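Below is one structure, written out as structure tokens, with a few remarks after it.
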Amino acid sequence: MVVGSEIIFLCGLTSLAQARKTKEAIWKNRAHESLKKVKQLAKDSPSNYQHKLLLLEAECAFISGRIKKATEKYELAVAMSKKNDFIQDQALSYELASKFYAEQRNEKKASHYYGKAHDLYLEWGATGKADHLRENSPF
Numbered sequence: 004m005v006v007g008s009e010i011i012f013l014c015g016l017t018s019l020a021q022a023r024k025t026k027e028a029i030w031k032n033r034a035h036e037s038l039k040k041v042k043q044l045a046k047d048s049p050s051n052y053q054h055k056l057l058l059l060e061a062e063c064a065f066i067s068g069r070i071k072k073a074t075e076k077y078e079l080a081v082a083m084s085k086k087n088d089f090i091q092d093q094a095l096s097y098e099l100a101s102k103f104y105a106e107q108r109n110e111k112k113a114s115h116y117y118g119k120a121h122d123l124y125l126e127w128g129a130t131g132k133a134d135h136l137r138e139n140s141p142f
């Protein structure tokens, strides 16, 4: 189930990224389907999936223009992934939150979170991803 649930989560994030980029309703619909499934997973196993749900909810709020809600959800996603020792998801949460804060013109927080994402990817052993962030840093 772990691989399947990870695919559902990543499909949701990918769909939300496409929805932001293209504004096409099909991507929002696909994201909503993933969100429903992850919500059930989080209900069944909160320590494994709550942070993933929070990150999907943050991204949904972001594309819907609900800035306060997005801020709250990103911060919770970071905190919950740390609490439950999901370093890879904590790195991803910091990375996506960094993009969010950059779009809100909060360069200080965006830069800090980008650095945190980089460091956590390195700590996790994802040197290729960390190198990619370093090489493509907008900061």
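The numbering used here applies: residue 4 is where the sequence shown begins, and numbers increase by one.
Heads up, the beta-carbon is just placed ideally off N, CA and C, and yes, glycines get one too.
The structure displayed is predicted, hence computed values, not measured ones.
Query                                                                                   : Result
8 Å contact criterion, which residue 14 and residue 33 should meet: CB distance rounded : 7 Å
Alpha-carbon to alpha-carbon, residue 97 and residue 107                                : 15 Å
Straight-line Cα distance separating residue 23 from residue 66                         : 6 Å
Integer Cβ distance of residue 40 from residue 61, believed to fall under 8 Å           : Going by Cβ atoms, the distance from residue 40 to residue 61 rounds to 17 Å, so no, they are not a contact pair.
Simplified DSSP assignment, three categories, for residue 141                           : coil
Reduced DSSP category for residue 89 - H, G, I as helix; E, B as strand; rest coil      : coil
Contact with chain D by residue 22, beta-carbon distance below 8 Å                      : Among the chains of the structure shown, chain D does not appear; only one protein chain is present.
Nearest neighbour of residue 87, chosen from 103, 48, 105 [CA to CA]                    : 48
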